[in-house]
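Inspection log for the structure reproduced underneath, given as structure tokens.
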Amino acid sequence: MQTNLNELFQNFIEKPSLFTKKEALSPTYLPSTPLHREKQIKQLGTILAPTLRNEHISNIMIFGWTGVGKTAVTKFVVNGLSTMAEKISAPIETIYINCKMEKINTEYRLLARVAEELGEKVPMTGLPTDRVYRTLFKTINRASAHIIIILDEIDSMDQASEGLYDLTRINYELTSGARTSIIGISNDLNFIDSIDSRVKSSFSGEELIFPPYNAIQLTDILKQRAEEAFLPATLQPGVIEKCAALAAQEHGDARRALNLLRVAAEIADRTGSEKIREIHVQAAEERIDTESISEVTRTLPKQTQTVLWSIFHLNEVKGEDLSTGNIYSHYSDTCRQIGLTPLTQRRVSDLISELDILGIITAKIISKGRYGRTREISLSLGNKHILKLNQILSEELFME
DNA sequence: CCTCCACCGGAACGTGAGGAGT
DNA sequence: ACTCCTCACGTTCCGGTGGAGG
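Per my numbering, residue 436 is the first one in the first sequence, and the count goes up by one each step.
Now the structure itself:
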């Protein structure tokens with residue numbers, strides 16, 4: 436055993452890796468120039484330029500599907516702006532916050548996070564919100580710079596629209612030369628409609644829309660990254676095109692294309708292949724799907740897992756329709772079985788909606804006339820996935 | 001055309017954990 | 001030690017509703 440393990444590690448070290456620079460395939464990696472986004476770069480640059488002369492600019496909203504270069508372009512342009520500002524010593528400061536990853540979903544957290552970014556320490560909880568606002572105000576006023584706040588995945592903070600309002604109204608109170616501008620990045624085109632009208636009117640400004648990439652553009656992007664990531668001639672012809680084609684089918688998502696290529700390379704690497712072939716891409720596609728959905732399922736709260744388990748089980752019993760009431764009673768039984776206190780139906784109804792949003796199930800409200808109104812639930816996954824998830828759930832719920 | 005089922009989904013409120021300030 | 005914050009997660013209460021069957 437000992438020797439085997441040593442051998443394994445030894446082999447691993449000695450075997451040449453296919454990668455020369457794996458980070459180049461990461462979705463957060465910033466290439467020197469984002470490809471096929473010249474128009475957007477120019478637009479954004481034009482809007483931001485007046486800050487260099489200390490002139491006032493409007494807020495900006497950027498829309499587009501995931502993986503169409505919104506974040507990359509914004510960072511690219513803002514970085515350019517910062518370097519220029521430094522050169523001519525214009526007082527510009529930029530702040531980047533990813534609302535979803537940092538779980539910025541309340542007014543308090545948004546304000547606290549911005550203040551923190553400006554060097555002011557604010558506790559994560561405990562203070563009254565208006566006090567956080569005061570500290571933030573003072574800090575910004577003192578800084579007397581033009582502060583550009585980039586809020587990525589802004590649509591994930593639906594409760595925090597009050598905070599957006601604060602960040603815009605702060606401009607009317609500032610007495611020094613300070614200003615704030617917001618760049619909001621959103622996957623959801625309807626985001627603007629969903630926020631409070633009061634916020635909307637104070638927030639409104641320029642809107643940029645990023646179209647999806649087509650297969651040819653994706654190919655270019657992948658080639659650019661692959662040049663950095665791999666030794667030449669590691670890729671079999673057709674591999675990049677295949678990744679691009681697969682990703683183009685799904686609203687031209689460059690992130691997905693890069694993921695495919697990276698996972699394909701990892702598979703090739705692990706199986707000892709010296710080249711990356713199309714079969715590796717195929718394997719990668721399958722693996723990405725199952726892995727992400729499995730991970731989501733595993734990390735679901737126990738109650739939600741139990742609901743999902745019940746849905747799967749009812750689905751196997753034919754003749755039973757998947758309605759909220761049915762699921763709820765099956766769920767309560769299961770809870771008793773595994774020693775969990777059942778939640779109310781109202782709550783379970785919300786959990787079902789959450790599963791719907793996650794894309795594991797599809798819930799549609801239908802009316803059965805005399806026999807009431809309910810959600811009709813169907814599974815939106817293939818059999819292979821369901822089997823896998825079932826296995827995960829039984830491990831999670833019935834073990835230990 | 002009306003009724004009435006079986007839920008939907010908004011809103012207010014409760015609880016308990018994490019923390020600040022005095 | 002005590003009061004006052006935020007916030008996640010639930011519960012309680014309740015008005016609302018599409019359409020099959022009378």
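We put the beta carbon where it would ideally sit given N, CA and C, even for glycine. Being a predicted model, the structure only gives us computed values, none of them experimental.
query	result
Option nearest Val503 by Cα separation, candidates Pro526, Leu571 and Leu653	Leu653
N- and C-terminal bounds of the alpha helix (DSSP H) containing Ile746	Lys737 to Glu751
From Asp756, Val716 and Ser493, residue whose alpha carbon lies closest to that of Ser636	Ser493
Contact check, Ile530 vs Val549, beta carbons under 8 Å	yes
Beta-carbon gap between Thr455 and Phe665 smaller than 8 Å	yes
Beta strand (DSSP E) segments (min. 3 residues) lying fully within the segment 604–641	614–621
Contact check, Glu789 vs Thr739, beta carbons under 8 Å	yes
Nearest neighbour of Gly598, chosen from Asp791, Leu443, Ile630 and Gly640 [CA to CA]	Ile630
Selection from His471, Met496, Arg472 and Leu470 that minimises the alpha carbon distance to Ile482	Met496
CA-to-CA distance, Ile773 to Ile617, given in whole angstroms	49 Å
Closest by C-alpha distance to Ile583, when choosing among Val513, Ala680, Leu816 and Glu662	Val513
Helix, strand or coil at Ile584 according to DSSP, with G and I counted as helix	strand
Close beta carbons around Arg633, own chain, < 7 Å, minus the five adjacent residues each side	Tyr600
Ile863 to Pro563 span [Cα, whole Å]	The displayed coordinates of the chain run from 436 to 835. Any statement about residue 863 would go beyond what the structure contains.
8 Å Cβ cutoff met for Leu693 and Arg660	yes
Nearest residue (CA-CA) to Ser758, options Asp623, Gln780 and Pro558	Gln780
Assigned exposure category for Met592 - 16 Cβ within 10 Å defines buried	buried
Closest residue to Ile585 among Phe447, Ala520 and Ile539 (Cα-Cα distance)	Ile539
Other residues of its chain near Ala650: CB distance less than 7 Å, five sequence neighbours each side excluded	Ala679, Ala680 and Ala683
Rounded C-alpha distance that separates Tyr763 from Val783	7 Å
Helix, strand or coil at Leu775 according to DSSP, with G and I counted as helix	coil
Leu670 in three-state terms, based on DSSP	strand
Sequence ranges, alpha helix (DSSP H) only - wholly within the segment 438–491, length at least 4	473–483
Thr732 burial status per 10 Å Cβ neighbour count (16 or more: buried)	buried
C-beta atoms of Gly687 and Pro647 nearer than 8 Å	yes
Nonlocal neighbours in the same chain, by C-beta distance under 6 Å from Arg697, ignoring five residues either side	Leu460
Straight-line Cα distance separating Thr797 from Asp756	14 Å
Extent of the continuous alpha helix (DSSP H) to which Asn649 belongs	Premise fails: Asn649 is in no alpha helix (DSSP H) and is neither H nor E.
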